[in-house]
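Per my numbering, residue 941 is the first one in the sequence shown, and the count goes up by one each step. We put the CB at the ideal spot given by N, CA and C, even for glycine. Notes for the one structure printed next.
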Amino acid sequence: MKKLTFFIGGIIQGSIADKKIHSQDYRKKIKTILMAKYKDAEIICPYSNHPNSINYDDDKGKKTFFELMETASNADILIAYLPEASMGTAIEMWEAKKKGRFVISISPLGINWCIKYLSDIICKDMNEFEDFIEKSNLKALIH
């Protein structure tokens, strides 16, 4: 049986106008939650693959941006961590949805149209996400 692929999308720079990023600690927590149940899964984390992307020049940044959108849309399941709005994550969600992928959002912003209409599941916080993962059979939901 094919192993599941997860793409961890989420806020990186968000609305910060400077060359700074939000804490990325949530990515480790999401990965830990997923690996507890789906030990053989492939988990793709763009920040782990590109930890210095904020310092990329325009050519490398543009290439990376479009590659990540493609990678996000090819994963079986996109996890979108959105404690606040993120333009990059919204595009990842859009691209994944266009290809019929399963999208799980972790966000208190459930009335935001991007989150509301592009998500198959909305978890209000990390605890709700962990509970959902523990109780669900994602392989059955996506096939």
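If you check the CB distance, Ala1015 and Phe1069 do not come in under 8 Å. In the displayed model, Glu982 falls within a strand according to three-state DSSP. Here Gly1050 is exposed, its C-beta having fewer than 16 other C-beta atoms within 10 Å. Taking a C-beta distance under 8 Å as the contact criterion, Met1066 and Lys971 do not qualify as a contact pair.
Inside the segment 1015–1051, DSSP marks whole beta strand (DSSP E) runs of 3 or more residues at positions 1017–1021, 1042–1046, from first to last along the chain.
Exclusion of the five residues before and after Cys1063 leaves Ile1046, Phe1069, Phe1072 as the residues of its chain whose Cβ lies within less than 6 Å of its Cβ.
Taking C-beta atoms as the reference points, Thr1004 and Ile984 fail to come closer than 8 Å.
The beta carbon of Tyr1021 is closer than 6 Å to those of Gly950, Tyr966, Ile1046 in its chain, skipping five residues each way along the sequence. Contact check for Ser1013 against Glu982 fails: the beta carbons are separated by 8 Å or more. Spanning the alpha carbons of Leu974 and Asp998 requires a straight line of approximately 33 Å. Leu1081 is positioned such that its CB atom lies closer than 8 Å to that of Phe1042. Here the alpha carbons of Lys943 and Trp1053 stand approximately 31 Å from one another.
Apart from the 5 residues on each side of it in sequence, Asp980 sits with its Cβ closer than 7 Å to the Cβ of Lys943 in its chain, given in chain order.
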